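See structure below.
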Amino acid sequence: MEEVEVIVVGAGPAGLATSGCLNRLNISNIVLEKEDCCGSLWKKRAYDRLKLHLAKQFCQLPHMPYPQGKWSRLLRHEDQKWCVTAKNMESNDVLEVYSCKFLVVATGENSEGYIPQLSGFESFKGEFMHSSKYENGKAFSGKEVLVIGCGNSGMEIAYDLTNYNVKTSICVRNPVHVLTTEIVFVGMFLLKVGFPLMLVDMIVVILSILRYGNISKYGFKRPKQGPFRTKNITGRTPPLMLGIKNIEGKIVKFENGEVNSFDGIIFATGYKSTVNYWLKDENLLFTENGMPKSRNDWKGQNGLYCAGFSGRGLLGISKDAENIANDISFVLDENKRRN
1 MEEVEVIVVG
11 AGPAGLATSG
21 CLNRLNISNI
31 VLEKEDCCGS
41 LWKKRAYDRL
51 KLHLAKQFCQ
61 LPHMPYPQGK
71 WSRLLRHEDQ
81 KWCVTAKNME
91 SNDVLEVYSC
101 KFLVVATGEN
111 SEGYIPQLSG
121 FESFKGEFMH
131 SSKYENGKAF
141 SGKEVLVIGC
151 GNSGMEIAYD
161 LTNYNVKTSI
171 CVRNPVHVLT
181 TEIVFVGMFL
191 LKVGFPLMLV
201 DMIVVILSIL
211 RYGNISKYGF
221 KRPKQGPFRT
231 KNITGRTPPL
241 MLGIKNIEGK
251 IVKFENGEVN
261 SFDGIIFATG
271 YKSTVNYWLK
281 DENLLFTENG
291 MPKSRNDWKG
301 QNGLYCAGFS
311 GRGLLGISKD
321 AENIANDISF
331 VLDENKRRN
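Here UniProt numbering is used: the first residue of the sequence shown is 1, the next is one more, and so on.
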């Protein structure tokens, strides 16, 4: 058994940021990752045209300014330490055991693509995939495709499909704000310099109306609640009700009575956490759905921490990483004083 001070599970942005902050404080740590690379969500599960949607100053990790140009299972608590058993994928699946005082769960809230259960979906005869598997629209050229969900991925994938001669439909039931990256930047900047949330939402909505006019003619309804207030309360864009009644073969029946035939379905329906599959913390920090009990929870009990679950993207990850590293440093210093 190898003993280290801190184990960080997950080598995505949250894990790398936390490890980086720990290294700057000279705290020994090891990062465990199930994939064969760092940042696998970006390297393996991103579509070809994916771009950063927010201004780079809001997406920088601690101590690493955003660069110019492009970005190229068992746990138990024993003797007040965490014990992690992992497979070494480069050594014929040899099991390795690590012991630590502090465990940082940095697998994030986007560990696994979420595909909702739809009535009759098992009978669907066409192609289907989660947006994390989508690269481009070549395979769907000349076909009819339904994109379920209209967040950033859903909207951009729908647009990308049209460039490959795909007849594209978007399924969305809930009201939604349609904003440009420039409008979002204005809102985030105003919040950063201290403008009230309600005023920022009013300004952003007015800019959206000036840019797009009445979006109801495109089949969208604008929510009564502002975009940043929604984000602030829920931690993310509100979940979309699908509006699909049932599926029979290639026929999709919608709740509004419309019926259409599709050759493919792409689920841009978000992600879910997989923490509850492997971590046994007796629900002290995480719920049964693998999410922290509170969006602001980055610290649990017995040396357990989590990074990347705040719902605030890379900005939230940066704050989590710095808070965790500073707290571990404080605990270690306190232990030294007592001894």
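We treat Cβ as the ideally placed atom computed from N, Cα and C, and that holds for glycine. All figures in this text were calculated on a predicted structure; none of them were measured in a lab.
Residue i and residue j closer than 7 angstroms at C-beta
i, j, result
"Ala11", "Ala307", "no"
"Ala325", "Cys21", "yes"
"Gly243", "Cys171", "yes"
"Phe140", "Gly187", "no"
"Tyr114", "Thr269", "yes"
"Ile183", "Leu207", "yes"
Any non-hydrogen atom of the ligand NAP closer than 6 angstroms to residue i Cβ
i, result
"Ile251", "This structure lacks the ligand NAP, and indeed carries no ligand of any kind."
Limits of the beta strand (DSSP E) - the one that residue i falls within
i, result
"Ile206", "Segment Leu197 to Tyr212 is the alpha helix (DSSP H) holding Ile206; no beta strand (DSSP E) there."
"Phe262", "It is not in any beta strand (DSSP E) - Phe262 carries neither H nor E in the DSSP assignment."
"Met291", "Taken as a continuous stretch (DSSP letters only), Met291 belongs to no beta strand (DSSP E), as it is neither H nor E."
"Leu32", "Asn29 to Leu32"
"Asn174", "Where Asn174 is concerned, there is no enclosing beta strand (DSSP E), given that its DSSP letter is neither H nor E."
"Lys245", "Ile244 to Glu248"
"Leu52", "No beta strand (DSSP E) contains Leu52, which DSSP labels as neither H nor E."
Cα-Cα separation between residue i and residue j, rounded to whole angstroms
i, j, result
"Lys143", "Arg49", "20 angstroms"
"Val275", "Asn26", "28 angstroms"
"Asn289", "Leu161", "33 angstroms"
"Leu191", "Thr230", "14 angstroms"
"Arg337", "Gln301", "21 angstroms"
"Met129", "Ile148", "11 angstroms"
"Glu334", "Val200", "42 angstroms"
"Ile317", "Val259", "43 angstroms"
"Asn214", "Lys138", "33 angstroms"
"Gly313", "Pro175", "22 angstroms"
"Lys221", "Ser329", "49 angstroms"
"Lys245", "Phe121", "11 angstroms"
"Glu109", "Ala17", "16 angstroms"
"Leu41", "Ser132", "8 angstroms"
"Ile251", "Phe124", "8 angstroms"
"Arg45", "Tyr271", "12 angstroms"
"Thr237", "Asn339", "At Thr237 the pLDDT is 45, less than 50, meaning the model places this residue with poor confidence and gives no usable figure here."
"Thr181", "Lys51", "11 angstroms"
"Thr287", "Phe267", "25 angstroms"
"Gly249", "Ile265", "12 angstroms"
"Asn169", "Met202", "Reading off the sequence shown, one finds Ser at residue 169, where the question assumed Asn. Their Cα atoms are separated by approximately 30 angstroms."
"Phe195", "Asn152", "25 angstroms"
"Glu78", "Ala106", "Note that Glu78 has pLDDT 41, beneath the 50 cutoff, so the model's placement of it is unreliable and the number below is only indicative. Each residue's alpha carbon lies about 21 angstroms from the other."
"Lys253", "Asp320", "43 angstroms"
Opposing strand residues paired with residue i [DSSP bridges]
i, result
"Ser169", "Leu146"
"Tyr271", "Gly113"
"Asn23", "Answer by DSSP bridge pairing: none, since Asn23 is not bridged."
"Leu304", "Leu103"
"Lys299", "Tyr305"
"Ile7", "Ile30 and Leu103"
Extent of the continuous alpha helix (DSSP H) to which residue i belongs
i, result
"Ile317", "Gly313 to Arg338"
"Glu182", "Thr181 to Lys192"
"Asn152", "Asn152 to Thr162"
"Lys253", "No alpha helix (DSSP H) contains Lys253, which is instead part of the beta strand (DSSP E) from Ile251 to Phe254."
"Leu41", "Ser40 to Lys44"
Cβ shell of residue i (< 7 angstroms), same chain only, five flanking positions each side left out
i, result
"Val4", "Ser28, Asn29, Ile30, Tyr98 and Cys100"
"Glu322", "Cys21 and Pro62"
"Gly303", "Trp82, Lys101, Phe102 and Leu103"
"Leu210", "none"
Neighbourhood of residue i by C-beta distance below 8 angstroms, restricted to the same chain and skipping five residues each side
i, result
"Leu136", "Looking at the sequence provided, one finds Asn at residue 136 rather than Leu. If we look at Asn136 and ignore the five residues flanking it on each side, its Cβ neighbours are Tyr47, Asp48, Arg49, Asp160 and Tyr164."
"Tyr212", "Val178"
"Leu332", "Glu5 and Ile27"
Other residues of its chain near residue i: CB distance less than 6 angstroms, five sequence neighbours each side excluded
i, result
"Leu32", "Val9 and Ala86"
"Lys167", "Glu144"
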